[in-house]
Amino acid sequence: MTTQWEHHDISTLVSRLFRALDAREFAEGWADGYFTDDVRTTTPVGAAEGADAVRHTEVAIGRFARTQHMASDVVVDVGGDGDAATASWNALMVHIHHDSTLRERGEGASPLFTVGGVHDAELRRTPGGWRISRMDVRAVWTTGEPPVLSG
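Take my numbering: the final residue in the sequence shown is number 224, and no numbers are missing along the way.
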């Protein structure tokens with residue numbers, strides 16, 4: 074059974090992760106507060122593991138001038154031993170293109186690329202608290218043009 078404290082801790086982890094992404098808090102070791110060393114991620118632009126997953130996240134965020142990630146309806150289920158959990162949440166992810174992207178796309182290009190999606194995650198309890206060991210991001214809908222993926 075999931076306690077209110079476990080739900081709070083995991084929901085707070087999700088909120089802090091989204092805030093860190095939007096603030097671009099990518100100092101050395103930043104991901105240690107959110108992910109296990111062997112994290113596996115799957116997003117609409119690919120899959121990655123471990124350090125590659127962290128770099129993939131940093132590169133994805135860097136494709137935009139600014140972002141705003143919002144999570145809601147976090148559902149948490151802690152397993153029987155209390156050291157593993159699953160979580161799922163809805164997300165609204167707003168991305169603002171770089172001026173250079175807008176210039177390349179020409180007059181009338183939308184500055185926004187917005188995604189409504191669902192995140193499904195597996196988490197492990199560590200000495201430092203809950204950490205995400207797997208995270209799948211599934212886009213349900215989008216508006217605007219996605220980022221330029223080359224280069």
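Positions of the beta carbon are idealized from the N, C-alpha and C atoms, including for glycine.
- Query: Between residue 188 and residue 212, is the Cβ-Cβ spacing less than 8 Å?
  - Reply: Within the sequence shown, residue 188 is the residue found at index 115, counting from 1. Within the sequence shown, residue 212 is the residue found at index 139, counting from 1. The answer is yes: Cβ separation under 8 Å.
- Task: Can you give me the start and stop residues for the beta strand (DSSP E) that residue 203 sits inside?
- Result: The sequence position of residue 203 within the sequence shown is 130, counting from 1. Residues 202–216.
- Item | Three-state secondary structure (DSSP) of residue 190 | On the sequence shown, residue 190 is found 117 positions in, with the first residue counted as 1. In the structure shown, residue 190 sits in a strand (DSSP, three-state: E or B).
- Under 8 Å, do residue 196 and residue 167 count as touching if we go by C-beta distance? Against the sequence shown, residue 196 aligns to sequence position 123. Against the sequence shown, residue 167 aligns to sequence position 94. Their beta carbons are not under 8 Å apart, which means residue 196 does not touch residue 167 by this criterion.
- Would you say residue 162 and residue 146 are within 8 Å of each other, going by their C-beta atoms? The sequence position of residue 162 within the sequence shown is 89, counting from 1. The sequence position of residue 146 within the sequence shown is 73, counting from 1. Yes.
- Would you say residue 193 touches the ligand GTP, meaning its beta carbon is less than 7 Å from a heavy atom? For the ligand GTP, the structure offers nothing, since it holds no ligand at all.
- Item | Span of the beta strand (DSSP E) around residue 234 | This structure cannot speak to residue 234, because the chain is shown only from 74 to 224.
- Message: Between the alpha carbons of residue 80 and residue 177, how many angstroms are there, rounded?
- Response: Locating residue 80 in the sequence shown gives position 7, counting from the first residue. Locating residue 177 in the sequence shown gives position 104, counting from the first residue. Computed Cα separation, rounded: 44 Å.
- Buried/exposed call for residue 151, threshold 16 Cβ in 10 Å: Translated into the one-based positions of the sequence shown, residue 151 becomes position 78. By the neighbour-count rule (16 or more Cβ atoms within 10 Å), residue 151 is buried.
- Have a look at residue 111 and residue 122 and give me their C-alpha separation to the nearest angstrom. Here the question's residue 111 lines up with position 38 in the sequence shown. Here the question's residue 122 lines up with position 49 in the sequence shown. Between residue 111 and residue 122, the C-alpha separation is close to 6 Å.
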